[in-house]
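K.L.:
The structure follows.
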């Protein structure tokens, strides 16, 4: 694969790369947005730019913070951070909430554990990303589909935007 530094995330439309969780499909469901982002730490900035354009203003800061944490986790802990790797990020506006899914290319090691909250260890660097998601998101979880791992979160919207 060619050098991906400086490229913009690509819009993803095919079902092969969509995150594998069930979505609400009510008549008021707004179409979502999905993008492939090269699995490079410096691509977090491009990701935040794209997310800013598609999420409601009232939740922008929280979405950017949580999505950035999950993107960085994917790059750090999965094959998405290997050469040629990528992360798929999908945003869906559902009735009363925003759902963000970060899909990586699965763990580097066969024996790796699923994403989970770690005990707080003041002597360890990092390890607080999912704690932040747990504290700020209305709901969150993980899903495994073949070699892919999805970490998702939802934020409830203020009543005026629901």
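Residue numbers (the UniProt record's numbering): 1 to 162.
By construction, the Cβ of each residue, glycine as well, lies at the ideal position given by its N, Cα and C atoms.
Is the Cβ-Cβ distance between residue 106 and residue 131 less than 8 Å?
P.N.:
No, these two residues do not count as a Cβ contact at 8 Å.
K.L.:
Which full runs of the alpha helix (DSSP H) of 4+ residues lie inside the UniProt domain "Histidine kinase/HSP90-like ATPase" (38-151), going along the chain?
P.N.:
The UniProt domain "Histidine kinase/HSP90-like ATPase" (38-151) is shown to contain whole alpha helix (DSSP H) runs of 4 or more residues at 44-54, 60-77, 129-136, in chain order.
K.L.:
Could you please give me the residues that DSSP links to residue 155 through a beta bridge?
P.N.:
98
K.L.:
What separation, rounded to the nearest whole angstrom, lies between the Cα atoms of residue 48 and residue 70?
P.N.:
12 Å
K.L.:
To the nearest angstrom, how far is it from the Cα of residue 52 to the Cα of residue 60?
P.N.:
A direct Cα-to-Cα measurement between residue 52 and residue 60 gives close to 6 Å.
K.L.:
Which value, in whole angstroms, describes the spacing of the CA atoms of residue 155 and residue 95?
P.N.:
11 Å
K.L.:
Expressed to the nearest angstrom, what Euclidean distance is found between the alpha-carbon atoms of residue 145 and residue 44?
P.N.:
24 Å
K.L.:
Answer with buried or exposed for residue 109, where buried requires no fewer than 16 other C-beta atoms within 10 angstroms of its C-beta.
P.N.:
exposed
K.L.:
Leaving out five residues on either side along the sequence, give the residues of the same chain with a beta carbon under 6 Å from the beta carbon of residue 73.
P.N.:
129
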